[in-house]
Structures are given as structure tokens and as C-alpha cells.
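This report concerns only the one structure given below.
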Amino acid sequence: MNVPFIGEVPSDIVVSWIVTILLGAALFWWLTTRRKWPLVWDYMTTTDNRKIGTMYILLSMVFFIRGGIDAMFIRTQLAIPENDFWVFQSQKYNEVFTTHGTVMIFFVSMPLLIGLMNIAVPLQLGANDLAFPYLNAISFWLFVAGGVIFNMAFFFNAAPNAGWTSYAPLATDTFTTGPNNNYYIFGLQVSGMGTIFTAINMIVTIFRLRAPGMKMTRMPLFSWATLVTSFLIMIAFPVLTIALLLLMFDRIYGTSFFLGEYGDPVYWQHLFWIFGHPEVYILILPAFGIFSDVISTFSRKRVYGYTSMVVAIALIGLLGFMVWAHHMFTVGLGALANSIFAITTMLIAVPTGIKVFNWLFTMRKGVVRITTPMLFSLGFIPTFVIGGVTGVMLAVAAADYQYHDSYFVVAHFHYTMIGGTILGAFAGIYYWYPKMTGKMFDEKLGKWHFWLFIIGFHLTFMPQHFAGLNGMPRRVYTYTWEDGVFLLNFVSTIGAFLMGASMLFVAWNLYKTHRLTDPVGADPWDGRTLEWTVGSPAPEHPFHPVPQINSIDAYWYSKVERKRLPESKEARPSPIAIQTVAPVLLAGVLIVMSVGFIYGWVWMQIIGGIAALGFFIHRVFNDERKAVYRKEEES
289 MNVPFIGEVP SDIVVSWIVT ILLGAALFWW LTTRRKWPLV WDYMTTTDNR KIGTMYILLS
349 MVFFIRGGID AMFIRTQLAI PENDFWVFQS QKYNEVFTTH GTVMIFFVSM PLLIGLMNIA
409 VPLQLGANDL AFPYLNAISF WLFVAGGVIF NMAFFFNAAP NAGWTSYAPL ATDTFTTGPN
469 NNYYIFGLQV SGMGTIFTAI NMIVTIFRLR APGMKMTRMP LFSWATLVTS FLIMIAFPVL
529 TIALLLLMFD RIYGTSFFLG EYGDPVYWQH LFWIFGHPEV YILILPAFGI FSDVISTFSR
589 KRVYGYTSMV VAIALIGLLG FMVWAHHMFT VGLGALANSI FAITTMLIAV PTGIKVFNWL
649 FTMRKGVVRI TTPMLFSLGF IPTFVIGGVT GVMLAVAAAD YQYHDSYFVV AHFHYTMIGG
709 TILGAFAGIY YWYPKMTGKM FDEKLGKWHF WLFIIGFHLT FMPQHFAGLN GMPRRVYTYT
769 WEDGVFLLNF VSTIGAFLMG ASMLFVAWNL YKTHRLTDPV GADPWDGRTL EWTVGSPAPE
829 HPFHPVPQIN SIDAYWYSKV ERKRLPESKE ARPSPIAIQT VAPVLLAGVL IVMSVGFIYG
889 WVWMQIIGGI AALGFFIHRV FNDERKAVYR KEEES
């Protein structure tokens, strides 16, 4: 099919246009007939942390479907040797695995966890909102803008095609011409700004808005993990911003940072992995915090070795910045550098091991309840241990020369990312769903989701270890019968479709929960921390009066002693949630400006730049909170 401006369009793009139009029309019809537009407008203009957290999770699940469909295409193409499934060969295959990896890392894993942070952290601390509600809305809509920019590429038949790591010199304009990888650069730049703003917000909230008496040593472990993660973001994401900026100059303005006589592609690898490996722990540490709180709640015990758990989280965060070059053992950095980074990589297994044993000891002699959040937590432990063991194998530099760029690395990466981050996100969503909506997911359907997902996961990625050891390289769209990896790939494909089928139970669970179940009370799980003292869903100003905290798990011990939590007379700052459309408008402006840079349209760059500058000028002279303060003073 030939389309003006876009050119020849393959059939997969045409199908996506048709499906998008049909789904969009169906959604518009549903919102109109059910009179949901006021609710949509309320969420679009909100600065309330619970609503923003819910939107993070909803949108990341949309991207999860998007990335999951890419995974289905990849596994279908690789199901049998010398396959020609639809259009997913050669360059199109490069596009689909690039999109899959980028979407899953930046637009699924990160926002799922940030959404849970928005919902749970202020409640766990006894705060009424994040420190900067307006900035929180900006962060979310920057994430939306980045996701829109990145996914626009597919609909214009210009999807990024240099891998989710976008290695130079492949990602430079010399080897990948056209706008494809410009979408990658600007999508990640815009969404990355939102992530940095979120980190600032979380740090200030944790330091400034804790309830009276809640010392740092009394915070729940999810809040601790959020704090360390936020510091990691503050250090790692600016490095990615610099790397993308330099790549943009190479592609658009003809500089030679990563190519040519004065450039060096290894420079990109250093910059990317100085961001990229801390990014692994940015995604894992919040999941560790979720598992800690869930396991403690459903074992009816305080988490074993609280102090050692906090120290382990901090050590993992610190060591995460000392291991980036283990991705570069085959680059030629030399024996000394390889040895140093091999040792630091092995060292990071020590605090991780401490946490695993602490979770096991928390359950020991506890009253363990096998709920859906607990199932995901229990499934995580052996899964992540397998990923950790293969990580130590990859840390041996000499062995890495054999494993590198094989499916062994693909398997390891998914065992840590899905086995840690995604299982953690699912555990957190099932656990805190009452605080989001006031309803509880059906437990039976939740367990069906878990078992299908975990069995499908191991069927998918366990065989890939052996395919890699048998010599199958990653990022290839076909193989031969003589390679001897057909059965491993076929089993892997079956597992991937089983994982996809498990998500149908989530969809049915959502429908059933909101149509057929009654609202729940404040504390449906018999929880231990402060979020279970307020209503479900959590109101916009949940803590009036603010509780006085005198111990770890103060709420739990107040229930044991059959006493109310003491109320504090000490005043605490209470951020003001307002309604404003400005963040949405800023997101739209940045999309326009980014498209101008992607296609080299100077007039659009200028219009977008002036509009963005106008937004900041408007913000300097207008503060929506003044009306709220004036109203409070008059009353």
C-alpha cells in the first residue's frame, strides 16, 4: 500500500491503523454512552497522587499489551527454522525487537513501579500527597508524551531499528538513515525528564513529609527502596540524557562523537551502561521493597533483619554504579579492567543474597497466608535466584566471551527483569488495588493468572539458556534445522503464548471486580503499615489528624494491643492537589517540538520552542494554589 508522505506501507502497519481506528471508535462510543467524559477530564487535570498513580499503571498496561504483542511476533517468527511469518524478517525484525525491548524497559517496567510509588509511598509515610503535586502531574504527562512520540514511529512506518541499547555506530545516521532512531532519542529524552522530576518529588516527600515520630529507621521497606531508587535515578538518568543528546547531534547536525576520525563507538557503550546497569537496580529495588512488605504482611511477622535489609538496599544501589563494564568484556578494555568489573559484579550478589535469606526467615515460623500477592512474591524468589546465578556466570570474563550476544544473555536478562520487576509489579497491584479503587481482585482468577504466567515464563526463558549455550545468537530472525535448536525455540514460543493467555484472566478479573464485587474496607489484608489506616480508595487528604508513629509497623501493634494509633498535635505540611490542564498542554507542545526535530522541520521546532517557553513564563507569574490559600483564609 502506497501512502503520501509515508510511502510504501507494509501490511502490518495497515492492520495496526485499522485496529487502532476501530478500538478508538469503540472507546469513544463507550465513554459517551456511559457519560464518562467528566471522569476522564477529572483525571486528565488532576494533581492527586492516587489518581496519577492509577493513570501510570493503566497506561503502562496498555504499553505492556503493545510490547507483549511484539514478543508474540518475535516468538512466532522463531518458532520453527527458516520461517517467514508475515513481514517479520530482516529489517522489520530489527524494528520489532527494538520496540519490544524499549517499550518494556522504559514504558512498562518503570511506570508500573512509579505508579505504585505514587499510590503507596505517601500513605506509608503518613503524608497527604507528594511534596510537589503539580510537578507530579508534569512528570506523568511527560511520560505520556515520551510514550506517544516513541510509538508514533510504528504508525508512520519508521520504528527504531538499532536495538533497545541503540549502539553506535549502528544508531548513527551513517548506518540507519531516516527518522527511525530519532523517535527513540526524543521519546526517551522527554519521558526521562518526567522520571527525573519524579525522583526529586519522592526524595523531598520522604525527607520532609513523614508523619511525626516516623524516623528513617521506622519507614516501611518499600519507602526505603523508593528513596534509594530515586537517588539512582538522579545520578543515572542525566547520563542517559547526555548520551542521547550527543547521539542527536551526530544524527541531526553532523558531529562525530561516536563515529569518524575523532569519535569512538565505545564512548556510547560507556555512557549507556553507566546509565543502563543502575537502571536494572532502579527497576529491581522497588520490587524488592514490595516483596518485603507483602511477605511481612502475609506471614504476620515483622520483616526479619530490618536493618540488614536497609543496608542491603543501599549496598545494591552503591555497587550498581561499579559494574557497568561487565556488559563490555568483549570490547577490549584489557585484563585489569575486566577483572575489576568481574569482582564488583560478583560482590553485588552478596547483599542480594542477604535479602533472599531475610525473606525466607520472615516466613519461617510465621502464619503464612497464600494470597495472590504472596504467590507472586513466592514465585519471585526461585526465579530471581536463577537469574542471579546466571548473572554470576556472566560475571566471569573468560566465560562471557562465549555467552556474549547469545540467547543465554536474553534468558538471564528476562529472568531478572520479569522475574523481579514484573512479578513485583503484579504483587504490588494486587496488594494495593483496594487503595486505588476500593475493590479487591477476585482471588481465584488472580491465582489462575499467577500459575499460567509463571509456568509460561519458565517455559519461555529456561530453554533459551540452552539455545544460547548451543550457539544461537540473539537478534537474528531465523536459523536452520542443522543448528539443533528447533525444539528449544518451539517450547519457548509455547511458553510465550501461555504468558499472553494469562493476561486474559487479568482482563476478566478487572471486569468481574468492578461489575460484580462490593467495595472493601480500609484494611482488607489485615496490614501492618499506615496505608491500611485510611479508606479504600484512599481519599485526597487521607490523614486528618496525622498519626504519631512510635515504632516500626506501628499500626500492626496498635491492632495487637487493641488501641488506636496516637494522634499528633505537631503540624505537618500538607501539599495542595489542584485541577489544571497545563501539564497536558505542555506534553502536547513537547510532542510537536520533538516531531519537528525528528523530521528536521525548523518551523515546527520554532513553534514548539516558543510555546514551551511561553508555558514556563506563564508558570512564573501564575500559581493556582493562591486561590486555595485565599479560600482557606476566608473560611
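Following the numbering used here, the numbering of the sequence shown begins with 289 at its first residue and continues without gaps.
Even for Gly, the Cβ is constructed at its ideal location relative to N, Cα and C.
Smallest Cα separation from residue i: which of the options?
| i | options | result |
| --- | --- | --- |
| F785 | I743, N489, R850, P369 | I743 |
| I578 | E383, E567, V591 | V591 |
| K723 | G501, F831, P827 | P827 |
| G564 | W452, M634, R363, N777 | W452 |
| S427 | T334, R498, T386, N439 | T334 |
| A531 | T543, S518, M522, Y555 | Y555 |
| I782 | P807, Q752, L804 | Q752 |
| F454 | E383, A915, A499 | Residue 454 is actually Ser in this sequence, not Phe. Per the Cα distances, E383. |
| L515 | F909, A575, H558, A456 | A575 |
| R588 | V656, G641, T633 | V656 |
| M681 | Y719, T633, I706 | T633 |
| V396 | T595, L347, R323 | L347 |
| R338 | L327, E731, T660, M405 | M405 |
| A499 | A433, S862, L648 | S862 |
| A683 | G414, H615, I309, D336 | H615 |
| P835 | E849, Y845, P854 | P854 |
| F510 | P871, L528, S580, Y550 | S580 |
Grouping DSSP H, G and I as helix and E and B as strand, with all else coil, what is residue i?
| i | result |
| --- | --- |
| P835 | strand |
| P761 | strand |
| E296 | strand |
| S694 | strand |
| E828 | coil |
| E912 | coil |
| E819 | helix |
| E731 | helix |
| K723 | helix |
| V516 | helix |
| R918 | helix |
| A314 | helix |
| W452 | coil |
| N489 | helix |
| I840 | coil |
| P467 | coil |
| K643 | helix |
| G675 | helix |
| G708 | helix |
Going by beta-carbon coordinates alone, are residue i and residue j separated by less than 8 Å?
| i | j | result |
| --- | --- | --- |
| Q412 | P508 | yes |
| I437 | I879 | yes |
| L533 | T462 | no |
| G823 | A842 | no |
| G341 | V391 | no |
| S665 | A715 | yes |
| A685 | F617 | yes |
| A524 | I570 | yes |
| F376 | Y765 | yes |
| N489 | A602 | no |
| D262 | H388 | In the structure displayed, the chain extends from 289 to 923; residue 262 sits before or after that span and is not available. |
| I837 | G480 | no |
| R539 | N469 | yes |
| L400 | G482 | no |
| T650 | G676 | no |
| S944 | F443 | The chain is shown from 289 up to 923; residue 944 falls before or after that span and cannot be answered. |
| Q379 | N449 | yes |
| R731 | T659 | For the sequence presented, residue 731 should be read as Glu rather than Arg. In contact: E731 and T659 (Cβ atoms closer than 8 Å). |
| Y703 | T671 | yes |
| F394 | L520 | no |
| A441 | A447 | yes |
| H700 | G667 | no |
| K727 | V808 | yes |
Is the shortest distance between the beta-carbon of residue i and the beta-carbons of chain D less than 8 Å?
| i | result |
| --- | --- |
| M750 | Reference to chain D is not applicable here, since this structure consists of a single protein chain. |
ask   = Does the segment 702–714 come within contact of the segment 734–751, defined as at least 3 CB pairs closer than 8 Å?
value = With the cut-off at 8 Å, the segment 702–714 and the segment 734–751 touch.
Minimum length 4: unbroken alpha helix (DSSP H) runs contained in the segment 540–600 = You should have 553–587.
request  = Could you name each continuous beta strand (DSSP E) segment of 3 residues or more that falls completely within the segment 329–412, going from the start of the chain to the end?
outcome  = Within the segment 329–412, no complete beta strand (DSSP E) run reaches 3 residues.
query = Is the segment 758–773 close to the segment 692–700, with three or more CB pairs under 8 Å?
reply = The answer is yes - the segment 692–700 touches the segment 758–773, with three or more Cβ pairs under 8 Å.
ask   = Just checking, does the segment 450–465 make contact with the segment 415–432 on the three C-beta pairs under 8 Å criterion?
value = No: fewer than three Cβ pairs fall under 8 Å.
Length at least 4, wholly inside the segment 761–807: the alpha helix (DSSP H) runs in chain order = Correct list: 774–804.
key: Those runs of the alpha helix (DSSP H) which lie wholly inside the segment 844–906 and span at least 4 residues   = For the alpha helix (DSSP H) assignment, the uninterrupted runs of no fewer than 4 residues enclosed by the segment 844–906 are, from N- to C-terminal side, 870–887.
ask   = Can at least three beta-carbon pairs, one atom from the segment 604–615 and one from the segment 628–636, be found at a separation below 8 Å?
value = A contact exists between the segment 604–615 and the segment 628–636.
task = Would you check if the segment 791–806 and the segment 732–740 touch, i.e. whether three or more CB-CB distances between them fall below 8 Å?
result = Segments in contact, yes.
query = Do the segment 432–449 and the segment 868–883 meet, that is, are 3 or more Cβ pairs less than 8 Å apart?
reply = With a cut-off of 8 Å, the segment 868–883 and the segment 432–449 count as touching, because enough Cβ pairs lie within range.
task = Write down every uninterrupted run of the alpha helix (DSSP H) in the segment 616–640 whose length is 4 residues or greater and which is fully enclosed by it, in chain order.
result = Assignment of alpha helix (DSSP H) within the segment 616–640, counting only whole runs of 4 or more residues, yields 623–635 in chain order.
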